[in-house]
Amino acid sequence: NKSEFTGSLSVYHINGANSLNTARKILFGKGKTMTPKRDLSQPGQYLAAERVDIIGPKRKMTNVAVLGPVRKDTQVELSRSDCIALGVKAPLRESGDVAGSGQIRIEGPCGAIDIPQGVIVAHKHIHVPTEMAEKLGLHDKQRVSVEAITERPVVFKDVIIRVSDNFRFRMHVDFDEANG
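According to the working numbering, numbering within the sequence shown proceeds without interruption in unit steps and concludes at 988.
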């Protein structure tokens with residue numbers, strides 16, 4: 809099946825979570841809530857105005873984006889290159905699958921926390937609205953190949969389909985994949 813959709817580039821970020829809400833007092837100060845700065849490509853998701861630093865064994869990355877709304881678990885999404893630079897070990901996973909994943913230190917303007925798990929390299933994926941998935945014969949968790957028809961064509965293999973009524977039709981890849 810052929811279909812056109814928009815691709816989005818995902819840079820390193822933290823998905824705010826219930827555990828991060830508890831830690832929010834430590835990172836940003838008591839009573840502080842996340843301030844939506846702008847909407848992201850998926851409905852209801854936003855870039856927060858607040859930023860943090862993440863610290864690995866080798867170095868620190870500053871001014872890291874925090875995304876909302878809250879999720880079940882705190883998640884730090886990095887590219888493989890980011891992991892190497894930071895000295896962090898992180899598995900390739902679907903977003904939200906953080907059990908047994910990498911650890912890192914998160915530092916805010918008021919304090920720092922260490923998360924024992926939550927660092928992943930996000931698997932490339934396509935958000936597909938349910939109606940579009942039905943039209944294209946796609947189902948949730950299906951793996952597909954995607955050809956990017958550009959000046960420098962490339963085929964992305966093993967792309968995970970994620971289906972929901974709440975999605976906009978978008979493919980997400982990280983910088984390493986986009987530069988490949």
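Here a beta-carbon is modelled for each residue, glycine too, at the ideal position from N, C-alpha and C. Quantities reported herein were computed from a predicted structural model and do not represent experimental measurements.
Counterpart residues of P844 in DSSP-defined beta bridges: A856
Nearest-angstrom Cβ-Cβ length linking I822 and G864, presumed shorter than 8 Å: Wrong, their Cβ atoms sit about 14 Å apart, outside the cutoff.
Reduced DSSP category for R832 - H, G, I as helix; E, B as strand; rest coil: helix
Supposed close pair I969, V929 - CB separation, criterion 8 Å: Not really, about 19 Å apart at Cβ, beyond 8 Å.
Per DSSP, the bridge partner or partners of E985: Note: E985 sits in no beta bridge, so no partner.
Residues of its chain near D948, where Cβ-Cβ distance is below 7 Å and the 5 sequence neighbours each way are ignored: I969, R970, V971
Proximity test, R913 beta-carbon vs the ligand ATP heavy atom, cut-off 6 Å: Within the structure as shown, the ligand ATP is missing, as the structure has no ligands at all.
Candidates V884, A920, F977: closest to G904 by CA position: V884
D861 versus G945 - alpha carbon distance: 42 Å
Cβ contact check for the region 829–845 and the region 908–928: 3 or more pairs under 8 Å: yes
Integer-rounded CB distance, given that A856 should sit under 8 Å from V874: 4 Å
CA-to-CA distance, I892 to M979, given in whole angstroms: 25 Å
Rounded straight-line distance, which links the Cα of G910 to that of P899: 7 Å
Beta-carbon contacts of R951 that lie in its chain and below 8 Å, excluding the five residues immediately before and after: D966, V967, I968, I969
Three-state secondary structure (DSSP) of S903: coil
Contiguous alpha helix (DSSP H) assignments of at least 4 residues, all confined to the region 911–978: 938–944
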